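Before any comments, here is the structure.
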Amino acid sequence: MKRNNRYIRLLPVWMLLVLGFFQARAQDSVQVLTLQDFHRLILQHHPVASQAALLTEQARQELRMARGTLDPVISSKLYRKEYGGKEYYNLWNSALRVPLWFGPEIKLGFDKNTGQYLNPENTMPTEGLSYAGISVPLGQGLFIDERRATIRQARLMQDIAEAERVKLINKLLLQATKDYWEWLLQQRTTQLYQEAYELTDFRLKAVRARVQEGDLAAIDTVEALMALQDRQLLLQQAQLELQNTRLQVAVHLWAEDQVPLELQENAVPALAGSEAILVAQEELQSLLVAARNNHPDLQKLSLKGEQLQIERTFAANKLLPKLNAEYNVLQRDFYLQPGEVVENNYWQGNYKLGLSFSLPLFLREERGKLQLTKVKQQANSMELLQQTRQVENAVQAAYNELQALEGQLQLQERMVANALILRNGEQTRFENGESSLFLINSREAKLLEAQVKLYGLRTKYAKAKTMLYWSAGEIQVE
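With full-length UniProt numbering applied, the sequence shown corresponds to residues 1 to 478, in that order.
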């Protein structure tokens with residue numbers, strides 16, 4: 001019996017030798033793709049990441065467009081009329097307008113008008129007439145106007161674009177990280193079934209040898225063969241799922257110029273990051289605080305509220321009357337002579353002064369705009385409150401799931417340890433002639449099932465941890 005049982009007793013030693021050989025070969029041939037490198041590749045070249053970066057550039061250009069309302073404007077007009085061989089007039093008006101940030105507008109210009117039939121208002125010296133002056137809003141537009149409101153809102157739009165960029169990147173990394181953990185699960189499951197297949201194949205050979213020696217019945221060969229076929233089916237299914245998860249991971253890999261990359265055959269995921277690490281209650285509180293301050297959805301709503309406040313201020317300013325004052329000092333010809341201009345008598349006797357006033361009698365449009373903006377503010381405030389609560393609940397729910405998975409992992413690890421004890425005990429009984437191949441295979445099937453479930457729980461834990469930080473708006477880039 002001792003000689004006949006040597007195949008079974010040598011099984012653990014054989015397996016250690018085989019696994020050591022394959023692990024040594026694997027270390028020489030495989031290429032480990034860590035989660036950190038995976039994230040780095042995604043952020044560098046993924047089309048969605050590039051698209052998210054364009055949001056920032058788009059907001060920058062919109063701010064540039066808004067600032068264009070403060071650009072100086074130069075203009076020139078030339079009119080000439082001749083009829084019946086007579087020259088009626090030549091009108092040439094040139095001007096430079098420089099808007100100032102705080103409301104007023106500086107004006108510089110030169111007019112030169114000639115002709116027999118000039119309007120007396122346009123009559124001026126032959127050399128032309130230059131002027132320099134300022135236009136100041138005294139009512140509507142004194143504290144805020146459309147230009148200033150547009151620029152302030154465009155500045156806030158940059159922050160909104162940044163929040164939207166973070167949201168897109170977080171969503172991309174969330175899905176990519178989930179696919180990475182799924183790849184790790186299938187990689188470990190396939191390796192487990194591969195080892196189980198090799199173990200069952202060796203046992204089949206050992207059983208056949210014992211049958212030939214007459215120590216076992218021939219029917220035991222069928223039992224060992226069925227166990228091998230069952231392991232082979234599990235291995236083939238695991239290999240198929242591994243292949244599909246590799247394809248899903250490859251979807252996130254891109255090179256420069258949006259060239260898709262393929263996952264190399266010898267690439268394997270790293271185990272780092274999948275460990276079950278306790279998340280303390282203090283960290284949960286810090287995540288809740290971070291979510292209220294930094295979550296992109298909440299930031300967008302808060303910034304939208306600031307935009308609405310600017311819009312409300314501008315709408316309230318529209319209720320004021322339009323009262324504008326304009327003063328221009330006049331100078332013969334194009335060239336100003338400062339020494340002459342600064343004289344008091346010159347300022348008093350060579351100028352154009354204008355005042356304009358207008359006010360709608362009912363202000364229905366202006367009052368309607370103001371009330372509409374107030375309604376938008378109220379709606380935005382309520383949405384911010386609701387969204388804040390949803391974000392906090394999402395963080396709490398993700399934390400609860402993580403806590404539950406920690407307990408399940410500990411329980412499943414004990415189940416794997418117990419299943420291993422049962423399998424080893426059954427093998428010892430078989431070596432002593434007190435058990436059968438059927439019982440050993442049953443114990444090993446339970447052990448495999450428990451190990452696969454443990455791998456699945458570890459994957460769920462890694463995904464849940466990723467989901468926790470994503471819910472707080474600050475997904476971790478390993």
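Glycine included, every Cβ here is placed at the ideal spot set by N, Cα and C.
Note that the coordinates shown come from a computational prediction; the quantities given were computed from them, not determined experimentally.
The beta carbon of ILE160 lies closer than 6 Å to those of LYS300, LEU303 in the same chain, with the five residues before and after it left out. Setting aside the 5 residues that flank it on each side, HIS46 is surrounded in the same chain by TRP254, each with a C-beta closer than 6 Å to its C-beta; the list follows chain order. Taking all protein chains in view, the Cβ of GLY273 is crowded by 16 or more other Cβ atoms within 10 Å, so the residue is classified as buried. Check the Cα spacing between LYS167 and each of TYR351, GLY115, VAL48: the tightest is with VAL48.
Proximity to ARG389 across ALA291, LEU420, GLY456 peaks at ALA291, based on C-alpha coordinates.
In the assembly as shown, PRO72 is an exposed residue. Its beta-carbon has fewer than 16 other beta-carbons within 10 Å. When GLU265, GLY68, PHE430, PRO260 are compared, the shortest CA-CA separation from LEU242 is found for GLU265. The straight-line gap separating the alpha-carbon atoms of SER29 and GLU283 is approximately 40 Å. Listed in chain order, the non-local C-beta contacts of ALA419 below 6 Å within the same chain comprise LYS446, LEU447, ALA450, local neighbours out to five positions each way being set aside. In terms of Cα proximity to LYS352, the closest of SER358, GLN331, LEU361, PRO296 is GLN331.
For GLN387, same chain residues with a beta-carbon under 8 Å away, outside a window of 5 residues either side, are ASP297, LEU298, LEU301 in chain order. Nearest in C-alpha terms to GLU87, of all of GLY103, GLY109, THR114, is THR114. LEU319 is the residue among MET382, LEU319, MET467, MET157 whose C-alpha sits nearest the C-alpha of PHE362. GLN331 is bridged by DSSP to SER130. Where GLY109 is concerned, there is no enclosing alpha helix (DSSP H), although the beta strand (DSSP E) around it starts and stops at 105-114. Comparing C-alpha distances from LEU100 to each of GLY68, GLY109, GLY84 shows the shortest one belongs to GLY68.
The beta-carbon distance between LEU235 and GLN186, rounded to whole angstroms, is 12 Å. This is too long to meet the 8 Å contact definition. Every beta strand (DSSP E) of 3 residues or more that sits fully in the region 347-415 is shown, in chain order, as 351-358. Check the Cα spacing between VAL207 and each of ASN400, ILE310, ALA224, LYS453: the tightest is with ALA224. Between ILE42 and the set GLY433, ALA404, GLN258, PHE102, the nearest pair of CA atoms involves GLN258.
Straight-line spacing of the CA atoms in GLY354 and GLY84 works out to 38 Å.
The C-beta separation of VAL279 from LEU263 comes to about 31 Å, leaving the pair out of contact by the 8 Å criterion. Under the three-state reduction of DSSP output, ILE144 falls in the coil class, being neither helix nor strand. Sixteen is the threshold: when 16 or more other Cβ atoms of the shown chains lie within 10 Å of the Cβ of PHE38, as they do, the residue is buried. With fewer than 16 other Cβ atoms from the protein chains shown falling within 10 Å of its own Cβ, GLY368 counts as exposed.
If you ignore the 5 residues before and after THR221, its C-beta comes within less than 8 Å of the C-beta of LEU204, VAL207, ARG208, VAL211, all in its own chain and listed in chain order.
Where LEU138 is concerned, there is no enclosing beta strand (DSSP E), because DSSP gives it neither an H nor an E. Under the three-state reduction of DSSP output, VAL251 falls in the coil class, being neither helix nor strand. Counted as a single uninterrupted DSSP element, the alpha helix (DSSP H) harbouring TRP470 occupies residues 437-471. Per DSSP, the continuous beta strand (DSSP E) segment holding SER94 begins and ends at 86-99.
Within the same chain, Cβ atoms closer than 7 Å to the Cβ of LEU142 are found at GLY103, the five residues on either side in sequence being excluded. ARG458 and GLY214 have their C-alpha atoms spaced approximately 46 Å apart. Taking C-beta atoms as the reference points, GLY128 and ASP111 count as a pair closer than 8 Å. The three-state reading of DSSP puts ASN324 in strand, counting E and B together. Shown here, GLN264 sits in coil according to DSSP, grouped into three states, outside any helix or strand. Between LYS178 and THR373, the beta carbon gap of about 42 Å keeps them out of contact (Cβ cut-off 8 Å).
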